[in-house]
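In terms of the numbering used here, the sequence shown opens at residue 1 and continues consecutively. The structure under discussion appears below in the form of structure tokens.
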Amino acid sequence: MPQQTGPERTVPRRDSGLRAEISELFEMLRAYAVQETVGPLRGLGRYLLFGLAGALGVSLGVVLATLALVRVLQAEAGIFNANWSFVPYLAGVAFLVLAILALIRAVRPGRNGAAADLTAPKADEHATGDDDD
């Protein structure tokens, strides 16, 4: 039986040509692009879905509360008859304006920093922990 000595051993040869490197580069770029776009877009879609559902719920609640206010003023307050029948509708409009202002104030980043903390990146968010750059 022949013995193998030294460099004559057969080692699987890797195709290290330019074509293989370019192919590997494109595959790596594609994987990176998918990682950096598809994942965040899925997260954004979920964020938008819950945001739209919340906005729809709040809007429906505000409209129903306004209708309830108008109906209570029409039915229970006896002074809004005849010439004063427009007052419940004005009260409903005033309630809607106050609700809209309150919602805008709640969403807008203000001095309290609650909304600003959600949007401002933290200093350590960009750190990857890799020190071998």
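We put the beta carbon where it would ideally sit given N, CA and C, even for glycine. None of these values were measured; they are calculated from a predicted model.
Item                                                                                                                                    : Value
If we ignore side chains and look at the alpha-carbon of each, how far apart do ARG42 and ARG108 end up?                                : 25 Å
Exposed or buried, what is GLY78 when buried is set at 16 or more other beta-carbons lying within 10 Å of its beta-carbon?              : exposed
With burial defined as no fewer than 16 other Cβ atoms inside 10 Å of the residue's Cβ, what is the status of GLY92: buried or exposed? : buried
Between the stretch 85-101 and the stretch 65-72, do three or more beta carbon pairs fall short of 8 Å?                                 : yes
Looking at the secondary structure, which residues open and close the alpha helix (DSSP H) in which ILE22 lies?                         : 18-76
Which of helix, strand or coil does DSSP assign to ARG108?                                                                              : coil
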